[in-house]
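S.K.:
Protein chains: 2
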Amino acid sequence: ELVAVIRAIFQQKQDMQGLKVLVTAGGTRERIDPVRYLTNDSSGKMGYALAEAAAQRGAHVTLVSGNTSLNPPPNVKVISVESALQMYDKVMELLPEQDAVIKAAAVADYRPAVSADKKIKKTKDHMTIELVRNPDILAEIGTRKTSKQVIVGFAAETNDVETNAMDKLRRKNADLIVANDVSKEGAGFGVDTNIVSFIRPDQPPRRLPQMRKRDVAEAILDEIVTIRTSKSGMDRS
Amino acid sequence: ELVAVIRAIFQQKQDMQGLKVLVTAGGTRERIDPVRYLTNDSSGKMGYALAEAAAQRGAHVTLVSGNTSLNPPPNVKVISVESALQMYDKVMELLPEQDAVIKAAAVADYRPAVSADKKIKKTKDHMTIELVRNPDILAEIGTRKTSKQVIVGFAAETNDVETNAMDKLRRKNADLIVANDVSKEGAGFGVDTNIVSFIRPDQPPRRLPQMRKRDVAEAILDEIVTIRTSKSGMDRS
């Protein structure tokens with residue numbers, strides 16, 4: 010806390026001053042009944058680090074947070090949601106006013122077709138859960154985005170990481186995909202470090218070494234500032 | 010921590026001195042693939058409170074813990090597991106040497122029939138997950154228990170609480186079921202208090218007021234000591 014304050018005071022970079030940045034973080038919970046749900050391994054650490062770093066660089070940060078046990082970062086507006094549908098609604102509501110959107114949340118792709126009001130009794134040896142697709146938040150942002158908005162997504166993969174990430178960049182109409190191989194030690198869910206590649210349109214992948222998530226966050230923000238500059242440049246030409 | 014130490018020193022009750030107590034706590038994670046899983050709302054607080062209190066009353070406590078963000082209680086041997094199958098194996102291994110077993114874990118009733126090695130791609134609008142029943146840890150303990158072992162289970166219900174708990178007591182051959190209505194405010198998952206009823210064979214339900222989980226833990230241990238005494242009494246007659 011004190012370290013964060015001192016860092017904020019002495020931090021030279023205020024290169025996001027006045028920018029509105031929306032960060033999504035954490036996992037979503039998709040309820041089967043009042044006590045059971047489908048979820049994933051997201052700790053929320055990457056998104057929280059991004060929100061905190063962006064606020065320190067002068068941005069107005071809104072953090073739409075799914076499930077996590079992390080404390081809210083200082084100077085960040087936190088909005089808590091549980092399910093993918095709730096997260097979708099909140100992001101779409103806030104999207105028009107943003108300069109950059111970083112979708113770090115691990116949103117569940119599917120939710121149970123029905124969510125029971127009462128705890129389901131275990132009466133059978135087998136059970137089948139019917140799942141339906143959740144709306145694709147990143148793809149919808151990509152459809153709605155203006156030419157000046159910078160959209161960043163993540164690709165957590167266990168195989169063919171850069172190929173899958175490049176494919177994702179195109180399908181979602183994103184400006185940057187941060188790809189990581191979650192099967193590697195020191196990368197991905199729950200740990201404090203990450204090993205990522207930056208995937209941008211018409212550029213070779215930029216591979217970063219293993220770094221603390223806080224430093225990965227700073228590198229992502231550097232990239233966002235660069236992309237914004239190049240977008241402004243295109244406008245002027 | 011300091012409070013716990015002082016409490017331990019001044020605590021008069023050492024009525025579990027030398028008893029071997031096994032506590033299970035937390036939820037289990039049933040993997041669909043490397044990043045997705047089925048789970049439930051258990052925080053592990055009730056089980057951890059029981060383990061800590063039993064250790065302070067002189068018991069040798071082993072805590073078989075599923076997922077939780079809690080710190081290990083002092084003077085307790087903690088064994089971490091992820092899935093219901095892992096918890097089952099560990100509990101059956103340790104069962105023969107125990108004087109009492111408290112099954113506070115929220116073990117998933119079902120697991121995916123197949124668990125994928127790689128992250129499943131979301132290619133379809135609908136998906137079906139086939140689930141199979143996990144082994145019933147409490148029922149298996151009830152089958153294997155000796156006449157002197159005290160077996161305690163929990164029944165987290167959203168409706169017909171005492172009827173369901175009484176039924177569970179019979180089916181599992183348990184000595185005590187701690188029943189709670191998780192739909193009530195101040196009871197159940199995640200919160201620090203609980204509102205429970207004690208269900209024992211051939212006795213009317215004993216309804217306790219809303220209490221801190223630590224105090225509920227002490228009341229459960231009192232009940233275990235009483236049940237042990239009555240079991241010894243029967244032996245002598």
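Line by line, the protein sequences give chains R and D.
Using the numbering used here, the letters of the first sequence correspond one by one to residues 10 to 246.
Using the numbering used here, the letters of the second sequence correspond one by one to residues 10 to 246.
Note that beta-carbon positions come from the ideal geometry of N, C-alpha and C, so glycine has one too.
1) Just the C-alpha distance for A68 of chain R and V30 of chain R, rounded to the nearest angstrom, thanks.
2) Can you tell me the Cα-Cα spacing of K154 of chain R and L104 of chain R, whole angstroms?
3) For A68 of chain D, which of helix, strand or coil comes out of DSSP?
4) Let's test the definition: count the other Cβ atoms within 10 Å of the Cβ of S206 of chain R and tell me whether it reaches 16, buried, or not, exposed.
5) If I'm right that T33 of chain D touches V100 of chain D with Cβ under 8 Å, what's the distance once you round it to whole angstroms?
6) Spell out the partners DSSP gives Y57 of chain D in its beta bridges.
7) Give the residues of chain R in contact with V141 of chain D, contact being defined as C-beta atoms less than 9 Å apart.
8) At which residues does the beta strand (DSSP E) containing T48 of chain R begin and terminate?
9) Can you give me, in chain order, the residues of the stretch 89-107 of chain R that have a beta carbon less than 7 Å from any beta carbon in chain D?
10) When DSSP labels each residue in this structure, what does P210 of chain D get in the three-state scheme?
11) Output yes or no for whether 9 Å exceeds the beta carbon distance between I129 of chain D and L59 of chain D.
12) With three or more beta-carbon pairs closer than 8 Å as the criterion, would you say the stretch 48-56 of chain D touches the stretch 106-122 of chain D?
13) Which residues of chain D have a Cβ atom closer than 7 Å to the Cβ of N200 of chain R, listed in chain order?
14) Can you pull the chain D residues whose beta carbon is under 7 Å from the beta carbon of K22 of chain R, in chain order?
15) Could you tell me whether the Cβ of I41 of chain R comes closer than 9 Å to any Cβ of chain D?
16) According to the neighbour-count rule (16 or more other Cβ atoms, all chains shown, within 10 Å of its Cβ), is N173 of chain D buried or exposed?
17) Counting only runs that start and end within the stretch 105-170 of chain R, where is the alpha helix (DSSP H) found for 4 or more residues in a row?
18) What three-state label does DSSP hand S246 of chain D in the structure shown?
19) Taking 8 Å as the threshold, find out whether the stretch 176-186 of chain D comes into contact with the stretch 141-156 of chain D through three or more Cβ pairs.
20) For the stretch 46-66 of chain D, list every residue whose C-beta sits within 9 Å of some C-beta in chain R, in sequence order.
21) Are the CB atoms of G35 of chain D and S92 of chain D nearer to each other than 9 Å?
22) Taking N80 of chain R as the reference, give the member of R:M96, R:R66, R:V90, R:K54 with the closest Cα.
23) Give, in chain order, every residue of the stretch 147-179 of chain D whose Cβ lies closer than 9 Å to some Cβ of chain R.
24) In this structure, how does DSSP classify M25 of chain R when only helix, strand and coil are distinguished?
25) Mapping the DSSP letters down to three states, classify N84 of chain R as helix, strand or coil.
M.R.: Reading it off the structure:
1) As a first step, residue 68 of chain R is located in the first sequence; it is residue number 59 there, counting from the start. As a first step, residue 30 of chain R is located in the first sequence; it is residue number 21 there, counting from the start. A direct Cα-to-Cα measurement between A68 of chain R and V30 of chain R gives close to 6 Å.
2) On the first sequence, residue 154 of chain R is found 145 positions in, with the first residue counted as 1. On the first sequence, residue 104 of chain R is found 95 positions in, with the first residue counted as 1. Going from the Cα of K154 of chain R to the Cα of L104 of chain R covers about 8 Å.
3) Position 59 of the second sequence, counted from the first residue, corresponds to residue 68 of chain D. Residue state for A68 of chain D is assigned as coil, using DSSP reduced to three classes.
4) Position 197 of the first sequence holds residue 206 of chain R. S206 of chain R should be labelled buried.
5) As a working mapping, residue 33 of chain D is identified with position 24 in the second sequence. As a working mapping, residue 100 of chain D is identified with position 91 in the second sequence. With 8 Å as the limit, T33 of chain D and V100 of chain D qualify as a contact, their Cβ atoms being about 6 Å apart.
6) Along the second sequence, one-based indexing puts residue 57 of chain D at 48. Under the DSSP definition of a beta bridge, Y57 of chain D lacks any partner.
7) Within the second sequence, the letter at position 132 stands for residue 141 of chain D. Those are D134, H135, M136, listed as they occur along chain R.
8) Your numbering for residue 48 of chain R matches position 39 in the first sequence. For T48 of chain R, the uninterrupted beta strand (DSSP E) segment begins and ends at 45-49.
9) Answer in chain order: no residues at all.
10) Taking the second sequence and counting its residues from 1, one reaches residue 210 of chain D at position 201. DSSP places P210 of chain D in coil when its eight states are reduced to three.
11) The residue labelled residue 129 of chain D in the question sits at position 120 within the second sequence. The residue labelled residue 59 of chain D in the question sits at position 50 within the second sequence. Not a contact, by the Cβ cut-off of 9 Å.
12) Touching, yes.
13) By 1-based counting over the first sequence, the position of residue 200 of chain R is 191. Here the sequence assigns Val to residue 200 of chain R, which means Asn is not the residue at that position. Neighbours of V200 of chain R on chain D: none; closest Cβ ~14 Å, over 7 Å.
14) Along the first sequence, one-based indexing puts residue 22 of chain R at 13. None at all; the shortest Cβ gap to chain D is about 33 Å.
15) By 1-based counting over the first sequence, the position of residue 41 of chain R is 32. Chain D contact via Cβ: present.
16) Numbered from its first residue, the second sequence carries residue 173 of chain D at position 164. So N173 of chain D ends up on the buried side.
17) Counting only unbroken stretches of 4 or more residues, the alpha helix (DSSP H) elements lying wholly within the stretch 105-170 of chain R are 146-153, in sequence order.
18) The count along the second sequence starts at 1 and reaches residue 246 of chain D at position 237. Confidence in S246 of chain D is poor, its pLDDT being 42 and thus under 50, which makes the residue's placement too unreliable to answer from.
19) Contact check between the stretch 176-186 of chain D and the stretch 141-156 of chain D: three or more CB pairs, one atom from each, fall below 8 Å, which counts as touching.
20) Answer set for the stretch 46-66 of chain D: Y46, L47, T48, N49, D50, S51.
21) For the purposes of this step, residue 35 of chain D is taken as residue 26 along the second sequence, with counting starting at 1. For the purposes of this step, residue 92 of chain D is taken as residue 83 along the second sequence, with counting starting at 1. No.
22) What you label residue 80 of chain R is simply residue 71 of the first sequence in a count that begins at 1. Closest by alpha carbon: R:K54.
23) Those residues of the stretch 147-179 of chain D that come within reach of chain R (Cβ to Cβ, closer than 9 Å) are A165, E166, T167, N168, N173.
24) In the first sequence, counting from the first residue as 1, residue 25 of chain R sits at position 16. In the structure shown, M25 of chain R adopts coil according to DSSP, grouped into three states.
25) What you label residue 84 of chain R is simply residue 75 of the first sequence in a count that begins at 1. The three-state secondary structure of N84 of chain R, taken from DSSP, is coil.
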